[in-house]
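Student: Each residue of the sequence shown is one higher than the last, beginning at 1 in full-length UniProt numbering.
Attaching a single structure in C-alpha cells format; questions to follow.
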Amino acid sequence: MSCWRRLVVMGACLLWGCTVPSLDDVRAGGRGFSVEVNYTPTFKSGCIKVQAQDEVNAENVSAPAVIAGDVLGSMTPPMRLGVLHQWSEPPYDVSIAERGMERWSPLIKVVITAFEHDCGGKVVDQAELVVDVSGEGRKPSQSMVLVTPDADGDGYVARGEGGKGGTDCADTGPNAEKRFPGNPEVCDEVDNNCDSQVDEGFAQKGSPCSEDVCQGTFVCNPVSKTVMCSARPPRLYYPDADRDGDGDLHAAATKVCEGAPIPQGFVESLHSDCDEADPSTFGAAQELCDAVDNNCSGGADEGLSCRGSLKRVSDYHLSSVAQSWKTVATGESGYPVWVAGAGGKLAVRKAPGQKFESFSFGDPSGAPPDGSPAPHSTHCGNHDWTVSWVSSKGWVFLGGTEGWLALHTGDPALDCSSRTTPPRVVGQPSPHITGMVGFEEGDRLVIYLSDAGGRYMKWEVGGSPPVVVLVDDSGASAAYGLHGLREHFQYMGGGGAPGGQGIWAVSDDPAPGAIHCSMEPGTSTGAVRAVWMGADNSVCAVGDGGVAWRRHPAAVLVWTRAPPSPGGSANFSSVVMRYDKAQPLNPVNEQCYVVDSDGSGQLRRWTPFGWAKDVPLPATANVPLRDLAMNPTGSDFWLVGDQGRVFHYPEP
Numbered sequence: 001m002s003c004w005r006r007l008v009v010m011g012a013c014l015l016w017g018c019t020v021p022s023l024d025d026v027r028a029g030g031r032g033f034s035v036e037v038n039y040t041p042t043f044k045s046g047c048i049k050v051q052a053q054d055e056v057n058a059e060n061v062s063a064p065a066v067i068a069g070d071v072l073g074s075m076t077p078p079m080r081l082g083v084l085h086q087w088s089e090p091p092y093d094v095s096i097a098e099r100g101m102e103r104w105s106p107l108i109k110v111v112i113t114a115f116e117h118d119c120g121g122k123v124v125d126q127a128e129l130v131v132d133v134s135g136e137g138r139k140p141s142q143s144m145v146l147v148t149p150d151a152d153g154d155g156y157v158a159r160g161e162g163g164k165g166g167t168d169c170a171d172t173g174p175n176a177e178k179r180f181p182g183n184p185e186v187c188d189e190v191d192n193n194c195d196s197q198v199d200e201g202f203a204q205k206g207s208p209c210s211e212d213v214c215q216g217t218f219v220c221n222p223v224s225k226t227v228m229c230s231a232r233p234p235r236l237y238y239p240d241a242d243r244d245g246d247g248d249l250h251a252a253a254t255k256v257c258e259g260a261p262i263p264q265g266f267v268e269s270l271h272s273d274c275d276e277a278d279p280s281t282f283g284a285a286q287e288l289c290d291a292v293d294n295n296c297s298g299g300a301d302e303g304l305s306c307r308g309s310l311k312r313v314s315d316y317h318l319s320s321v322a323q324s325w326k327t328v329a330t331g332e333s334g335y336p337v338w339v340a341g342a343g344g345k346l347a348v349r350k351a352p353g354q355k356f357e358s359f360s361f362g363d364p365s366g367a368p369p370d371g372s373p374a375p376h377s378t379h380c381g382n383h384d385w386t387v388s389w390v391s392s393k394g395w396v397f398l399g400g401t402e403g404w405l406a407l408h409t410g411d412p413a414l415d416c417s418s419r420t421t422p423p424r425v426v427g428q429p430s431p432h433i434t435g436m437v438g439f440e441e442g443d444r445l446v447i448y449l450s451d452a453g454g455r456y457m458k459w460e461v462g463g464s465p466p467v468v469v470l471v472d473d474s475g476a477s478a479a480y481g482l483h484g485l486r487e488h489f490q491y492m493g494g495g496g497a498p499g500g501q502g503i504w505a506v507s508d509d510p511a512p513g514a515i516h517c518s519m520e521p522g523t524s525t526g527a528v529r530a531v532w533m534g535a536d537n538s539v540c541a542v543g544d545g546g547v548a549w550r551r552h553p554a555a556v557l558v559w560t561r562a563p564p565s566p567g568g569s570a571n572f573s574s575v576v577m578r579y580d581k582a583q584p585l586n587p588v589n590e591q592c593y594v595v596d597s598d599g600s601g602q603l604r605r606w607t608p609f610g611w612a613k614d615v616p617l618p619a620t621a622n623v624p625l626r627d628l629a630m631n632p633t634g635s636d637f638w639l640v641g642d643q644g645r646v647f648h649y650p651e652p
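The structure is reproduced here in C-alpha cells:
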C-alpha cells in the first residue's frame with residue numbers, strides 16, 4: 001500500500017498510544033488474515049471506512065481506516081485489506097496492525113461501511129465479518145461485498161430497497177447525470193434536485209409569448225437553462241419579380257414564421273434591387289456601359305470608360321429647329337450612322353468622333369462654323385424620308401412619302417438613286433412607305449417594305465422589276481412597322497379602323513405556299529407602329545395609345561399585352577429589342593426600348609418582367625421622338641426627333 005495509506009493506519013496506532021513494532025516483534029506475529037472487498041466499480045466519489053472490533057468485548061475498537069477522495073477514485077475493486085498483518089507483508093490497500101490488540105479475544109469482527117458522496121454522507125451499505133484468529137499461523141483469506149452503484153458518476157448512489165442505497169433518484173437512464181440531491185434546479189425538463197418536481201421556479205414556462213408577429217410559448221432554453229420563447233423571430237422575405245436573386249429595395253418585408261410556407265417569387269433578407277423589372281439591375285450587379293444604373297448606386301456607368309454619356313449631338317448639320325428627323329439607321333459595326341427626315345434632310349457620321357456630313361436637300365453651301373464639312377450637292381430629292389436601312393457597305397436605303405425609295409452610297413461624287421413603288425391606283429401617288437428591312441447574300445441585296453396602304457413588297461436591288469408587291473390588303477388595314485432576322489420570315493405591324501391594331505407574320509417563301517398569316521392580338525384603337533425581332537421567338541411591337549405587345553416565346557399566334565406604362569399613355573413610335581445573341585442567357589436580353597411621338601421625352605424599357613426604369617434623357621429631349629437605333633448589347637444607341645434633336649450614347 002502507499003505511504004499515505006500506511007500513515008492512516010499508523011495514525012490509528014498513535015491514537016492508541018502504541019509504538020511502531022520492531023522487526024523482531026513483527027515476525028513474532030502470525031494471527032493475521034486478509035480480506036478481499038468487492039464493491040461496485042462505479043463507486044468513485046464516496047467514502048469507505050474499515051474498522052476492527054473485539055466480538056467479545058465491544059469496547060475494544062480500532063481506529064477507522066478511511067479510503068476516500070482521489071485515493072478511492074483511482075482504485076479498482078477488489079480492495080485488499082490486511083487484518084493483524086505486519087508492515088512487511090505483501091502490500092494491501094489498507095491494513096489494521098496487531099499492536100494494541102494483545103488483550104482482545106480471538107474473535108475479531110471487521111466492519112466495512114460505504115458512505116455516499118463523502119464520509120459524512122448517507123450510509124449506502126455495510127458489511128461485517130467475524131474471524132477466529134486463535135491458534136498459530138495465518139488464517140484463510142476472507143471476502144466481503146459492498147453494493148454501491150453510482151452508474152452516472154455524480155457522487156450519489158442509487159436508492160435501494162429497505163432504506164439501503166443512496167439518495168440518487170436516477171442513477172441510470174436518460175439525464176441520470178443531471179439528477180441528484182442538492183443539484184440546482186434548472187429549466188431542462190428534468191427533476192434535477194430529486195424533489196419529484198420538474199423545473200420548479202420557472203413559472204413562465206408554458207405560458208404564451210411572441211417574437212414580433214410569430215406566436216409561441218415559453219419553453220426551456222437548452223443553452224442557458226432558463227426560459228425562452230419558443231417562437232423564432234420571423235424570416236424576412238422581399239419580392240423578387242425579376243428573379244435576379246435580389247429583393248425589392250423599396251418593398252416592405254413579408255414576415256414568415258417558422259413552419260409557414262415561403263412565398264413564391266420572394267427572396268430572403270437581401271433587398272437592394274432598385275428596379276424589379278430589370279434582371280440586370282440589382283445591388284451587387286456589375287455596372288455596364290448602357291446609360292442604366294445597373295448596381296443601384298444612384299448613377300450610371302460609374303467606374304467605367306464608356307467613351308462618353310447620353311448627350312444631344314449638336315453638329316451643325318443636325319441641330320436646326322427646322323429639321324425634323326424621322327429615321328435613324330446604323331451599319332452592323334455601329335457606323336456609319338445615317339439620319340433622315342422631312343424635306344429631304346439626310347446626314348451621315350461615317351466614323352466615331354467625326355462631324356456629320358450633309359446630303360440634305362436645300363442646305364446652303366459654305367463651310368459651317370463648327371468645322372463640319374460643307375454640304376454635299378448629291379442629295380436624294382425633296383421627299384419626306386420616314387424609314388431607313390444600312391447595308392454592310394454603309395449604303396443607306398430610304399423610304400418615304402408617296403412611295404419614294406432612294407439609295408445613297410455616301411460618296412459625294414455619286415448621285416443618289418431614287419424611284420417609287422408601284423402605285424396602287426394608276427395615276428395616283430403610291431402610299432407612304434412605313435417599314436423597311438434588308439437582307440444580303442453575297443452580291444444579292446433585297447429590301448422588304450410595308451406601306452400605309454397595307455402592302456408588303458420586295459425591292460430587289462438591281463432586279464427587274466425592281467419592286468414587287470407580295471401582299472395587298474386593299475383597304476382592309478394600313479401596314480406600318482416591319483422587321484425580321486431572315487429574308488423569308490418577318491413581322492409587320494399595322495391596323496386602323498375597323499379592325500384595330502394588328503400584327504402579321506409575312507413571308508415570300510414559296511415552299512409553304514402561304515405568304516400571309518394574320519394575327520390580331522387585340523381590339524385596341526389605332527395601329528401598331530413598329531415591330532422588332534430580337535430572336536425568332538422574341539418579338540416586341542408598339543403602337544398608338546401606349547400599347548405594347550410581346551410574342552409568347554412558345555406560340556407564334558399568342559401575344560401578351562403590356563400593362564400601362566408608369567410614364568403615362570403616349571403614342572409609341574419606335575421600338576428595338578436589346579438581345580445579345582452571343583449570350584442567350586444574358587439578363588439584358590429581351591428588353592424592348594421604346595420612344596414616343598408625344599413630346600414627353602422618354603426612353604422607356606419594357607422587359608419580360610414589366611416596365612423597367614426609363615433611361616434618363618437630356619432635358620432637350622422635350623420634343624416628339626420618331627425613331628431609335630441600337631446595337632444588340634445596348635452599349636450604343638441613337639434617338640432622333642423633331643426640331644433637330646439627335647441623341648447618342650455614348651457621345652464624348
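Cβ coordinates follow ideal geometry from the N, Cα and C atoms, glycine included.
All values derive from a computational prediction rather than experimental measurement.
On the CB-based measure, 16 or more other CB atoms within 10 Å of its CB, does Arg444 come out buried or exposed?
Tutor: Arg444 comes out exposed.
Student: Would you mind working out which of Ala562, Asp544 and Gly545 sits nearest Arg551, comparing C-alpha positions?
Tutor: With distances taken between Cα atoms, Arg551 lies closest to Ala562.
Student: So what does DSSP say about Lys164, is it helix, strand or coil?
Tutor: If DSSP states are grouped into helix, strand and coil, Lys164 belongs with coil.
Student: Shortest alpha-carbon distance to Asn193 belongs to which of Gly163, Asp154 and Lys164?
Tutor: For the residues Gly163, Asp154 and Lys164, the minimum Cα distance to Asn193 belongs to Asp154.
Student: Report, in whole angstroms, the separation of the C-beta atoms of Pro239 and Lys255, which I expect to be a contact under 8 Å.
Tutor: Between Lys255 and Pro239 the Cβ distance is about 13 Å, and since that is not below 8 Å, they are no contact.
Student: With Asp70 as the anchor, note down where its beta strand (DSSP E) starts and where it stops.
Tutor: Careful: Asp70 lies outside any beta strand (DSSP E), inside the alpha helix (DSSP H) at Gly69 to Ser74.
Student: What's the C-alpha gap between His408 and Ala284?
Tutor: Between His408 and Ala284, the C-alpha separation is close to 47 Å.
Student: Measure the Cβ-Cβ separation of Phe609 and Asp242 and say whether it is below 8 Å.
Tutor: Cβ atoms of Phe609 and Asp242: closer than 8 Å.
Student: Figure out for me which residue from Pro429, Val186 and Tyr39 has the closest Cα to the Cα of Ser224.
Tutor: With distances taken between Cα atoms, Ser224 lies closest to Val186.
Student: Between Glu460, Asp544 and Gly463, which lies nearest to Gly495 when the distance is taken from Cα to Cα?
Tutor: Comparing Cα-Cα distances from Gly495 to each of Glu460, Asp544 and Gly463, the minimum goes to Asp544.
Student: Which residue wins for smallest C-alpha separation from Gln204, given the options Gln215, Val227 and Pro222?
Tutor: The shortest Cα separation from Gln204 among Gln215, Val227 and Pro222 belongs to Val227.
Student: Based on the DSSP secondary-structure assignment, which residues constitute the bridge partners of Trp389?
Tutor: BP columns for Trp389 point to Phe397.
Student: When the Cα of Ser507 is compared with those of Gly526, Ser477, Val469 and Arg529, which residue comes out closest?
Tutor: The shortest Cα separation from Ser507 among Gly526, Ser477, Val469 and Arg529 belongs to Val469.
Student: Opposite Thr560 in the DSSP bridges: which residues?
Tutor: DSSP output for Thr560 lists Arg550 as bridge partner(s).
Student: Does the beta-carbon of Asn57 have 16 or more other beta-carbons within 10 angstroms, so that it is buried, or is it exposed?
Tutor: Result: exposed.
Student: Would you please state the rounded distance, in angstroms, between the beta carbons of Gln323 and Gly341? I believe it to be under 8 Å.
Tutor: With a Cβ gap of about 6 Å, Gln323 and Gly341 count as contacting.
Student: What's the C-alpha gap between Cys592 and Asp212?
Tutor: Roughly 43 Å separates the two Cα atoms.
Student: Please report how far the alpha carbon of Cys119 lies from the alpha carbon of Asn221, in whole angstroms.
Tutor: So the two alpha carbons sit approximately 36 Å from each other.
Student: So, at 8 Å on beta carbons, what are the nonlocal neighbours of Asn571 in its own chain, with the 5 sequence-adjacent residues on each side left out?
Tutor: Around Asn571: Gly526, Arg529, Gly543, Asp544, Gly545, Gly546, Asp596, Ser597 and Asp598.
Student: Output the distance between the C-alpha atoms of Asp93 and Gly166, rounded to the nearest integer angstrom.
Tutor: Approximately 24 Å, taken between the alpha carbons.
Student: Count the C-beta pairs between the segment 476–485 and the segment 458–467 that are closer than 8 Å, then say yes if the count reaches three, no if not.
Tutor: No, because fewer than three Cβ pairs between the segment 476–485 and the segment 458–467 fall closer than 8 Å, the two stretches do not touch.
Student: Taking all protein chains shown into account, decide if Leu414 is buried (16 or more other Cβ within 10 angstroms of its Cβ) or exposed.
Tutor: Looking at its Cβ environment, which holds fewer than 16 other Cβ atoms inside 10 Å, Leu414 is exposed.
Student: Give me, in chain order, the residues of the same chain whose beta-carbon lies closer than 7 Å to that of Pro624; leave out the 5 immediate sequence neighbours on both sides.
Tutor: Around Pro624: Ser597, Asp598, Gly599, Gly641 and Asp642.
Student: Please name the residue in Ser319, Ala351 and Leu318 whose C-alpha comes closest to that of Thr330.
Tutor: Closest by alpha carbon: Ala351.
Student: Checking the sheet assignment: what are the DSSP bridge partners for Lys109?
Tutor: In DSSP, Lys109 forms a bridge with Gln53 and Val130.
Student: At 3 residues or longer, what runs of the beta strand (DSSP E) sit wholly inside the segment 297–331?
Tutor: Entirely contained in the segment 297–331, the beta strand (DSSP E) runs reaching 3 residues are, in chain order, 309–312 and 325–330.
Student: Just confirm the distance between the C-beta atoms of Asn60 and Trp104, as a whole number of angstroms; I'd bet it's less than 8 Å.
Tutor: Contact holds; Cβ gap of about 5 Å.
Student: Note down, in chain order, each residue of its chain lying with its Cβ closer than 8 Å to the Cβ of Lys458, except the 5 sequence neighbours on either side.
Tutor: Within the same chain, Lys458 has close Cβ partners Val446, Ile447, Tyr448, Leu449, Val467, Val468, Leu470 and Asp508.
Student: Can you give me the C-alpha to C-alpha distance between Ala52 and Glu161, rounded to a whole angstrom?
Tutor: Taking the straight line from one Cα to the other gives about 27 Å.
Student: For Trp4, name the three-state secondary structure that DSSP assigns.
Tutor: Residue placement at Trp4 is flagged as unreliable, the pLDDT there being 29, under the threshold of 50; a coordinate-derived value is accordingly withheld.
Student: Are the beta-carbon atoms belonging to Val145 and Ala158 less than 8 Å from one another?
Tutor: Their beta carbons are not under 8 Å apart, which means Val145 does not touch Ala158 by this criterion.
Student: So, are the CB atoms of Trp338 and Val396 less than 8 Å apart?
Tutor: In this structure, Val396 lies closer than 8 Å to Trp338 by Cβ.
Student: Thinking C-beta only, is Trp389 closer than 8 Å to Gly400?
Tutor: Against a cut-off of 8 Å, the Cβ pair of Trp389 and Gly400 comes out as no contact.
Student: Assuming Leu310 and Tyr649 make a contact with CB atoms under 8 Å, what is their CB distance in whole Å?
Tutor: That belief holds up - the Cβ atoms of Leu310 and Tyr649 are roughly 4 Å apart, short of 8 Å.
Student: Taking the Cβ atom as the reference point for each residue, do Asp273 and Asp248 lie within a distance shorter than 8 Å?
Tutor: Cβ distance < 8 Å, so Asp273 and Asp248 count as in contact.
Student: Could you name the residues that DSSP lists as bridge partners for Tyr649?
Tutor: In DSSP, Tyr649 forms a bridge with Phe637.
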